[in-house]
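Chemist: With the sequence shown counted from 1, adding 608 to any position gets you my numbering.
Yeah, the Cβ is synthetic: ideal placement off N, Cα and C, and Gly gets one too.
Remember, predicted model here, so these are calculated numbers, not experimental data.
If you scroll down you'll find the structure; I have some questions about it.
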Amino acid sequence: MLVTIIIPTYNAAAYVARALDSALAQTYAYTEIICVDNNSTDHTLELLTQYQSRFPDKIQVLQEFVQGAPAARNLGLAHAKGEWVQFLDADDELLPGKLIRQSNLIKHNTQLILGTPIIVLENSKYRLELWPDIWKGLGHVSHCGQTSANLYNSKVLRKIKGWDEKITNGQDTDLLLRLLQNEVKVIQDHRSACYYHTDAKDRITKKNPEQALISHIHISGRLSTYLKQNLVQYWNINATFFYMATYHHLRMLACLNPELAGELYLKYIPADFQLKPSEELRIPYWDCMGVNVLGLTRFARIRNKAKILIPDKLWTGIKKIINE
């Protein structure tokens with residue numbers, strides 16, 4: 609069973625060797641590596657060519673001129689010969705044994721393996737655990753696998769036409785949502801699968817955290833609509849969680865743009881829904897009461913002016929979104 613490792617690169621000269629070395633070090637032998645450079649202006653392409661010359665039977669180097677990781681990944685997918693695909697961001701790295709362990713998890717009907725990343729911050733790191741309920745994990749965005757930690761069946765990727773090249777934020781969550789909407793057979797791998805490094809200087813979400821949050825909110829809205837229409841019994845039991853998960857992102861957006869957050873709140877949260885405290889989502893009682901009484905925009909304006917009232921955990925949450 610061949611696994612194609614696809615590595616999109618853009619100005620990744622400082623760290624792409626780390627990703628390539630981790631791919632080459634995998635003990636699973638049946639792999640091909642496709643590197644897709646995406647208009648780099650540093651010497652990334654030169655480094656990729658050097659690796660290709662050292663491993664000509666293993667590494668293929670392509671160039672994608674349409675800007676964006678989705679286009680680069682789709683070009684790699686178009687050239688992939690593997691039955692399974694491992695996407696690996698150029699600034700991340702696979703942990704030893706990742707592919708052989710996940711390949712052993714595959715059953716005859718498996719189409720997607722969700723993996724567990726280790727998030728590497730400047731001075732610390734932590735495991736981002738998978739949630740047993742896949743829909744809830746997706747609703748919270750961060751607990752339903754991560755691109756470099758997952759393993760994808762190439763047929764189902766092609767069936768849904770790969771990555772959406774029209775969106776610039778939240779592409780990984782969008783991909784997972786479309787896969788789950790196609791009722792793929794999923795296995796969860798709860799052992800650590802990769803290092804997800806947050807120090808890359810070209811992360812889109814670092815440049816525009818507001819847009820990243822907006823994308824998460826729209827995807828949360830799409831998820832709620834799908835569940836409401838297609839999994840009615842499940843939705844009736846869990847609707848409160850998904851509305852609160854949407855509010856989790858709205859709450860962070862309100863720190864940056866109270867007016868827009870208020871508009872999106874009215875779009876995605878029913879008028880008669882009362883926010884409820886959630887330990888699971890770390891949303892406190894005082895926050896819910898403030899929004900229920902004043903509305904999100906008015907409450908956020910007051911809170912933002914009195915910054916002492918904004919809990920450190922909320923700002924930590926914003927930083928996580930920025931780094932993802």
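How would you write the range of the alpha helix (DSSP H) that Asn-761 sits in, first residue to last?
Modeler: Careful: Asn-761 lies outside any alpha helix (DSSP H), inside the beta strand (DSSP E) at 759-761.
Chemist: Can you tell me whether Ile-614 is helix, strand or coil according to DSSP?
Modeler: Reduced to three states, the DSSP call for Ile-614 is strand.
Chemist: From the DSSP output, in three-state form, read off Asp-697 for me.
Modeler: It is coil, neither helix nor strand.
Chemist: Assuming Ile-726 is part of the beta strand (DSSP E), what are its boundary residues?
Modeler: 720-728
Chemist: Give me, in chain order, the residues of the same chain whose beta-carbon lies closer than 6 Å to that of Val-792; leave out the 5 immediate sequence neighbours on both sides.
Modeler: Gln-719, Leu-720 and Val-764
Chemist: Using DSSP with H/G/I as helix, E/B as strand and the rest coil, what is Val-764?
Modeler: helix
Chemist: What is the rounded straight-line gap between the Cα of Asp-665 and the Cα of Gly-870?
Modeler: 55 Å
Chemist: Do you know offhand how far Glu-932's Cα is from His-824's?
Modeler: With a pLDDT of only 44 at Glu-932, under 50, the local geometry of the prediction cannot be trusted, and the value read off the model is given with reservation. Roughly 11 Å between the two C-alpha positions.
Chemist: With H, G and I counted as helix, E and B as strand and the rest as coil, what does DSSP make of Gln-675?
Modeler: Three-state result, Gln-675: coil.
Chemist: If you scan the stretch 733-803 from start to end, which runs of the beta strand (DSSP E) of 3 or more residues do you find wholly inside it?
Modeler: For the stretch 733-803, whole beta strand (DSSP E) runs of length 3 or above, ordered along the chain, are 733-735 and 759-761.
Chemist: Let me check understanding here. Comparing Cα to Cα, which of Leu-696, Cys-643 and Tyr-618 lies closest to Gln-675?
Modeler: Tyr-618
Chemist: In angstroms, rounded to a whole number, what distance separates the CA positions of Asn-777 and Gln-658?
Modeler: 31 Å
Chemist: Indicate the three-state DSSP secondary structure (helix, strand or coil) for Thr-826 in the structure shown.
Modeler: Rather than Thr, the amino acid found at residue 826 in this sequence is His. DSSP places His-826 in helix when its eight states are reduced to three.
Chemist: Excluding the 5 residues preceding and the 5 following Leu-746 in the sequence, name in chain order all residues of the same chain whose CB lies nearer than 8 Å to its CB.
Modeler: Cys-752, Thr-781, Leu-784, Leu-785, Leu-788 and Leu-831
Chemist: For the candidate residues Leu-821, Lys-913, Leu-656 and Leu-759, whose alpha-carbon lies nearest to that of Lys-706?
Modeler: Comparing alpha-carbon positions, the option among Leu-821, Lys-913, Leu-656 and Leu-759 lying closest to Lys-706 turns out to be Leu-759.
Chemist: For Asp-629, which residues does DSSP report across the bridge?
Modeler: DSSP lists no partner for Asp-629.
Chemist: With a cut-off of 8 Å on the beta carbons, I'd call Cys-896 and Pro-885 a contact; round off their distance for me.
Modeler: 6 Å
Chemist: Whose C-beta lies closer than 7 Å to the C-beta of Ile-667 among residues of the same chain, with five residues either side of it excluded?
Modeler: Ile-641, Cys-643, Tyr-659 and Gln-660
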